Amino acid sequence: MRHKSFYRRDIISILDFTREDLEQLFEYADKFIEYGDKKFSVLSNKVITLAFFEPSTRTRLSFEIASKKLGADVITIVGEEAVSIAKGENFTDTIRMLDTFSNAIVLRHRFEGAAKYAAEIAENPVINAGDGRQHHPTQTMIDLYTIKKLFGTIDGLTYGVLGDLRYGRAAASFIYGLTLFNPKKIYLISPPLLRAREEIIKVLNDKGINFEETTNIEDVLPYLDVLYVIRIQKERFPDPMEYERVRGSYRVTLDLLSKGRKELKVLHPLPKVDEIDHDVDSSPYAAYFIQARFGIPVRMALLALLFGVEI
Amino acid sequence: MRHKSFYRRDIISILDFTREDLEQLFEYADKFIEYGDKKFSVLSNKVITLAFFEPSTRTRLSFEIASKKLGADVITIVGEEAVSIAKGENFTDTIRMLDTFSNAIVLRHRFEGAAKYAAEIAENPVINAGDGRQHHPTQTMIDLYTIKKLFGTIDGLTYGVLGDLRYGRAAASFIYGLTLFNPKKIYLISPPLLRAREEIIKVLNDKGINFEETTNIEDVLPYLDVLYVIRIQKERFPDPMEYERVRGSYRVTLDLLSKGRKELKVLHPLPKVDEIDHDVDSSPYAAYFIQARFGIPVRMALLALLFGVEI
Amino acid sequence: MRHKSFYRRDIISILDFTREDLEQLFEYADKFIEYGDKKFSVLSNKVITLAFFEPSTRTRLSFEIASKKLGADVITIVGEEAVSIAKGENFTDTIRMLDTFSNAIVLRHRFEGAAKYAAEIAENPVINAGDGRQHHPTQTMIDLYTIKKLFGTIDGLTYGVLGDLRYGRAAASFIYGLTLFNPKKIYLISPPLLRAREEIIKVLNDKGINFEETTNIEDVLPYLDVLYVIRIQKERFPDPMEYERVRGSYRVTLDLLSKGRKELKVLHPLPKVDEIDHDVDSSPYAAYFIQARFGIPVRMALLALLFGVEI
Numbered sequence: 000m001r002h003k004s005f006y007r008r009d010i011i012s013i014l015d016f017t018r019e020d021l022e023q024l025f026e027y028a029d030k031f032i033e034y035g036d037k038k039f040s041v042l043s044n045k046v047i048t049l050a051f052f053e054p055s056t057r058t059r060l061s062f063e064i065a066s067k068k069l070g071a072d073v074i075t076i077v078g079e080e081a082v083s084i085a086k087g088e089n090f091t092d093t094i095r096m097l098d099t100f101s102n103a104i105v106l107r108h109r110f111e112g113a114a115k116y117a118a119e120i121a122e123n124p125v126i127n128a129g130d131g132r133q134h135h136p137t138q139t140m141i142d143l144y145t146i147k148k149l150f151g152t153i154d155g156l157t158y159g160v161l162g163d164l165r166y167g168r169a170a171a172s173f174i175y176g177l178t179l180f181n182p183k184k185i186y187l188i189s190p191p192l193l194r195a196r197e198e199i200i201k202v203l204n205d206k207g208i209n210f211e212e213t214t215n216i217e218d219v220l221p222y223l224d225v226l227y228v229i230r231i232q233k234e235r236f237p238d239p240m241e242y243e244r245v246r247g248s249y250r251v252t253l254d255l256l257s258k259g260r261k262e263l264k265v266l267h268p269l270p271k272v273d274e275i276d277h278d279v280d281s282s283p284y285a286a287y288f289i290q291a292r293f294g295i296p297v298r299m300a301l302l303a304l305l306f307g308v309e310i
Numbered sequence: 000m001r002h003k004s005f006y007r008r009d010i011i012s013i014l015d016f017t018r019e020d021l022e023q024l025f026e027y028a029d030k031f032i033e034y035g036d037k038k039f040s041v042l043s044n045k046v047i048t049l050a051f052f053e054p055s056t057r058t059r060l061s062f063e064i065a066s067k068k069l070g071a072d073v074i075t076i077v078g079e080e081a082v083s084i085a086k087g088e089n090f091t092d093t094i095r096m097l098d099t100f101s102n103a104i105v106l107r108h109r110f111e112g113a114a115k116y117a118a119e120i121a122e123n124p125v126i127n128a129g130d131g132r133q134h135h136p137t138q139t140m141i142d143l144y145t146i147k148k149l150f151g152t153i154d155g156l157t158y159g160v161l162g163d164l165r166y167g168r169a170a171a172s173f174i175y176g177l178t179l180f181n182p183k184k185i186y187l188i189s190p191p192l193l194r195a196r197e198e199i200i201k202v203l204n205d206k207g208i209n210f211e212e213t214t215n216i217e218d219v220l221p222y223l224d225v226l227y228v229i230r231i232q233k234e235r236f237p238d239p240m241e242y243e244r245v246r247g248s249y250r251v252t253l254d255l256l257s258k259g260r261k262e263l264k265v266l267h268p269l270p271k272v273d274e275i276d277h278d279v280d281s282s283p284y285a286a287y288f289i290q291a292r293f294g295i296p297v298r299m300a301l302l303a304l305l306f307g308v309e310i
Numbered sequence: 000m001r002h003k004s005f006y007r008r009d010i011i012s013i014l015d016f017t018r019e020d021l022e023q024l025f026e027y028a029d030k031f032i033e034y035g036d037k038k039f040s041v042l043s044n045k046v047i048t049l050a051f052f053e054p055s056t057r058t059r060l061s062f063e064i065a066s067k068k069l070g071a072d073v074i075t076i077v078g079e080e081a082v083s084i085a086k087g088e089n090f091t092d093t094i095r096m097l098d099t100f101s102n103a104i105v106l107r108h109r110f111e112g113a114a115k116y117a118a119e120i121a122e123n124p125v126i127n128a129g130d131g132r133q134h135h136p137t138q139t140m141i142d143l144y145t146i147k148k149l150f151g152t153i154d155g156l157t158y159g160v161l162g163d164l165r166y167g168r169a170a171a172s173f174i175y176g177l178t179l180f181n182p183k184k185i186y187l188i189s190p191p192l193l194r195a196r197e198e199i200i201k202v203l204n205d206k207g208i209n210f211e212e213t214t215n216i217e218d219v220l221p222y223l224d225v226l227y228v229i230r231i232q233k234e235r236f237p238d239p240m241e242y243e244r245v246r247g248s249y250r251v252t253l254d255l256l257s258k259g260r261k262e263l264k265v266l267h268p269l270p271k272v273d274e275i276d277h278d279v280d281s282s283p284y285a286a287y288f289i290q291a292r293f294g295i296p297v298r299m300a301l302l303a304l305l306f307g308v309e310i
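Protein chains in written order, with numbering that gives the first Met the number 0: chain S, 0 to 310; chain A, 0 to 310; chain P, 0 to 310.
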């Protein structure tokens, strides 16, 4: 089952994969969903390191559960320990140590390119659990899988991506992921200050994707099948005053959603702050809790493919 | 073995249980003691979340060991990560995420009612590992089990509960737990500023318990079979000056204990600070280390009953 | 296989062992290396506590992996939780709790003698994972094992120990470890302010070891088979100004090493800061990454011997 696209491969950017790769991953995730809570022992000889130099409880827990459900042992670097490592020794030595100690490194880092750099040093696979402002490939795998499960397809749908497109890496990575499929159209919806950066626009143009930038969610909402919302990435603003100027600048309410298609689904990588009204949570529009749930089977599938184990 | 009182049930307050429930739990704990260090695999398909929004090493470790000894996988939120979650998203979303990721949530929280609220949101069982000033049901299960093991019975004994009865939830919960049995008498012993709050007194009156409030430990010590001591809950005082006025206001010494019954046993939920003299530790009065040890089999019994597994 | 020198024994100082003890340990470590990534279940009924009252990611992770690879469950106290315990209750109570909860305590502590004191309290074995300025026995076991693997012997070689010999416990412990064998000569190389303390010199004299103190690495480098480098232990300087006077006072470069024997190997307990030039990392001199890797099989061997289990 050693699928060439995953076996012992570094997982750095969603753009490194093809739709066929992802479809195989999704089939594998389906299997894990069928198995329910079952615990496997296929990775019982493996140690997986979760090195979170930037906090992310949700991603960390989801990787930890996925790893343990496959029988792997997990070691974790997080919080002040991560900070102190980052201060005390160079990143190269840290990665070498973790590579020596374990069979794969799941890395979260504030700096763009950290995962790629780590992958160059480490002999074992490195999985990017989010670095910088652009890449979060496993989140995108989960997002796309969720859409596949909800709509049966990722192609031919109209997408809105709403929010902080300037600093939000989950959004950037999601947009990149869509380019592997055939979206009908992608609307990039954001306040002017939070517009998608040039590199994102360039990828869309290069891939010939039908897209449009707008500041007004109400205008485009009626066309959407999927609305992907992200929070304002406060922690990545270089200037706190700039953050103050945009905070609360968008908010998804039931009233707004009622102007769209009945089948419209709202996704969000979570945690959400105040960009989605609580009333939406219990409506049929809300797909973000099921999306969170899919984090575990999709990451189990990825790890199983990465280590080339049959289940 | 799906005992209706425990199977898939939220564990919020000791008052939700009957003495029959607890007796069944104790029988189950006996079994785990007989098995010694043995590790089981009955919960190997389960993930248990330890979400400690307020620190508590002892309770956390004891739940972690109990869970792992039954074969469960454990994920932990603690320390600054817990603080950052508490700041970053609403509690409802956090509980939903944890409920999605795991099969049970063990919750510690500063706010009264947090566990109950979480239980309303979560589909899976929530176990209150201490919230607010009143409830810590699993600690009480351990306390009562310890008394049962030491005296063969919980009924008919005379109890003293000494210390910060105003803020100490272990004490409040212990007093509530005693009301499920037939204590001969309960003495509530505290400095005037730390008297038991009205709600505790009300429960004792409603249940027709023979009790007496006093500020003087020496007067009542000769009558006691069990002296339950708690530390002053410094972290729950709204005013630090108030804490200064009561610190060091009670202290259990060997000299004091020598005025009581030979069979007198001193319990303490630990950690203790300076309210018990170190000389007491190695005396036959001290039961708090065995009490700590019982934390593991009692919590194993609770988890086994909760998930309805045979051992 | 209950080797009397290890079975249920506290591991406090490398000086408590004989070369025969260590040779048996090394044979055992060889076995684990042969087994590769294999996970064992020999300690599946055991709980091992990692209590790191002073941070040390590398040692912690290496013990955690070694424990889990043998099937043990691991509980960890680290970071702010460790700090808060250290503040909140006396050390004796903490050790009693951990001893009650688990089958062995791996202890890291800032204070000299902490491990020995803990061992007097605990019924179960205590392993010193570094305390104070002198003792770090498991690091030394790894260091000596590395030399054995690289040179086939520990006897008859010429050693240089370079760096902060005043505060560096890995260096002190390594020097003590060498006294169990027959080194040809040991050079203690350090800036004047960081000379080895009297107690180290005394051990060397008492054991009749051929050694020499020097401040000049260049003079002695040509004679060395092994150069053991440690960083300046900034965190142990009572006076920050004193640290400023010695920082950067030694640095190992490829240029320097080229003046020594071709077979010269550089060891370092890691993390390194700037005392070894990055160019050295990829040279044949560098043995510190393989040394780090050996941490796992050596600690697995120690735990297996400690619990008297066959593999």
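Think of the CB as a built atom: it goes at the ideal place given N, C-alpha and C, for glycine as much as any other residue. Keep in mind that this is a model prediction, so the values were computed, not measured.
The shortest CA-to-CA distance from residue 180 of chain A to any of A/152, A/45, A/62 is the one to A/152. Comparing C-alpha distances from residue 63 of chain A to each of A/103, A/95, A/229 shows the shortest one belongs to A/103. In this structure, the straight-line span from the alpha carbon of residue 132 of chain A to that of residue 263 of chain A is close to 27 Å. Residue 136 of chain S counts as buried, since at least 16 other C-beta atoms from the protein chains shown sit within 10 angstroms of its C-beta. Residue environment analysis places residue 110 of chain A among the exposed positions, since fewer than 16 neighbouring C-beta atoms fall within 10 angstroms of its C-beta.
The beta-carbon separation of residue 50 of chain A and residue 97 of chain A, rounded to 6 Å, stays under the 8 Å limit for a contact. The beta carbon of residue 265 of chain S sits no closer than 8 Å to any beta carbon of chain A. With 16 or more neighbouring CB atoms inside 10 Å of its own CB, residue 101 of chain A falls in the buried class.
Here the alpha carbons of residue 200 of chain A and residue 309 of chain P stand approximately 59 Å from one another. Taking the Cα of residue 149 of chain P as reference, the smallest distance to any Cα among P/238, P/241, P/225 is reached at P/225.
By the beta-carbon neighbour count (other beta carbons within 10 angstroms, threshold 16), residue 244 of chain P is exposed.
About 5 Å separates the Cβ atoms of residue 68 of chain P and residue 38 of chain P, confirming a contact at the 8 Å cut-off. The three-state reading of DSSP puts residue 103 of chain S in strand, counting E and B together. Straight through space, the alpha carbons of residue 303 of chain P and residue 189 of chain P are spaced by roughly 37 Å. The three-state reading of DSSP puts residue 234 of chain S in helix, counting H, G and I together.
As the crow flies, the alpha-carbon of residue 276 of chain A is around 13 Å from that of residue 91 of chain P. Counting the other CB atoms within 10 Å of its CB gives residue 17 of chain P a total below 16, which places it among the exposed residues.
At the C-beta level, residue 260 of chain A and residue 65 of chain A stay beyond 8 Å of one another.
In this structure residue 118 of chain A does not touch residue 130 of chain A by the C-beta definition: roughly 11 Å separates them, more than the 8 Å allowed. Residue 58 of chain P sits close to residue 107 of chain P, with the two beta carbons spaced by under 8 Å. Residue pairing by DSSP places residue 148 of chain A in no beta bridge whatsoever.
When DSSP states are grouped into helix, strand and coil, residue 135 of chain S belongs to the coil group. Residue-level contact by beta carbon fails for residue 307 of chain P and chain A, as no gap is shorter than 8 Å. Take the alpha-carbon of residue 134 of chain P and the one of residue 266 of chain A: they are about 37 Å apart. Judged by DSSP secondary structure, residue 176 of chain A falls within the alpha helix (DSSP H) whose first and last residues are 168-177. Contact fails between the region 285-295 of chain S and the region 194-214 of chain S, because fewer than three Cβ pairs, one in each stretch, are under 8 Å apart. For residue 99 of chain A, the nearest CB of chain S lies under 8 Å from its own CB, placing it at the interface with that chain. For the C-beta of residue 61 of chain P, the chain S residues within less than 7 Å are, from N- to C-terminus, 100. Between residue 158 of chain A and residue 182 of chain A, the C-beta spacing is below 8 Å. Taken in chain order, the members of the region 74-97 of chain A whose beta-carbon sits within less than 8 Å of a beta-carbon on chain P are 77, 78, 79. A buried status is given to residue 80 of chain A, since no fewer than 16 other beta-carbon atoms sit within 10 Å of its beta-carbon. In this structure, residue 176 of chain S lies away from residue 229 of chain S, with their beta-carbon atoms at least 8 Å apart.
Judged by DSSP secondary structure, residue 78 of chain S falls outside any beta strand (DSSP E) and instead within the alpha helix (DSSP H) spanning 78-87. Cβ atoms of residue 300 of chain A and residue 28 of chain A come within 8 Å of each other, at about 4 Å. Taking 8 Å as the threshold, the shortest C-beta distance from residue 46 of chain A to chain S falls below it. Residue 292 of chain S has a beta carbon lying within less than 8 Å of a beta carbon in chain A.
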